[in-house]
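Sequential numbering from 7 applies to the sequence shown in my numbering. Ideal placement from N, C-alpha and C gives every residue a C-beta, glycine not left out. Just so you know, these numbers come straight off a predicted model, no measurement behind them. Report on the following structure.
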Amino acid sequence: MGFKKTSDTIAISFGLTEAAPNTFLEEQIALQLDVLNNEIFVVQAVDINLTPPDAVAGTDTNTFGSLTATTVTGIATLANSNTIAVGREAIRAAGFVDGGVGFARAAAETYTGDVDYIALIATNNFFVQLQGQGNLLAKSLNGRLWGYRARADASTYAALVQSEVLSA
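Okay, structure coming up:
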């Protein structure tokens, strides 16, 4: 491993609410890393909690959330290498006269097996995104990221920063 742990586990909480229903929102969370000393953040786990979508008769509704190492212009998917976690809650009601059937998938993409970490953040912040779809009311996202600070050797740090920036 090209880095050495320099702190205990840190929990960083975050939350955001749409300004208006079905509006994409992204918030930058500063990690305040010491870039002069090649400090990185080692992500161990992520939890994303979304408010449920509205049950609107005859309309599919969704609440989407994601957490990424770089800024994005829409909700990220796991196809993006800088995506750390995603969450989705959906109600499928198109064609029904009632509120439909709800489906949830939140933070299950954070692997729960025996791994040392799930992501490395080499730049000075991470980003959280939220967007509802088909809702009548604004939606919100709350979450927590767990990890620790570490110091990377020069070649590992350079590779991590280059990978993060070039794949943005």
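- Non-local beta-carbon contacts of residue 76 in its own chain, meaning distances under 8 Å to residues more than five positions away in sequence, involve 88, 129, 133, 170, 171, 173, 174 in chain order.
- Relative to the Cα of residue 95, the nearest Cα in the group 15, 26, 55 belongs to 55.
- When C-beta atoms of the segment 136 to 147 are compared with those of the segment 27 to 35, three or more pairs fall below 8 Å, so the two segments count as touching.
- Sequence-distant partners of residue 37 (beyond 5 residues in either direction) whose C-beta falls short of 7 Å from its own C-beta, in its chain, are 47, 127, 130, 131, 132.
- Secondary structure of residue 170 (DSSP, three-state): helix.
- Around the beta-carbon of residue 142, fewer than 16 other beta-carbon atoms lie within 10 Å, marking it exposed.
- Contact between residue 17 and residue 155 does not hold, since their C-beta atoms are separated by about 13 Å, which reaches or exceeds 8 Å.
- Ranking 12, 50, 66, 60 by CA distance to the CA of residue 144 puts 60 first.
- Runs of the beta strand (DSSP E) spanning 3 or more residues and lying entirely within the segment 127 to 174 occur at 131 to 139, 146 to 158, in chain order.
- Here residue 13 has 154, 155 as same chain residues with Cβ atoms under 7 Å from its own Cβ, once five neighbours each way along the sequence are excluded.
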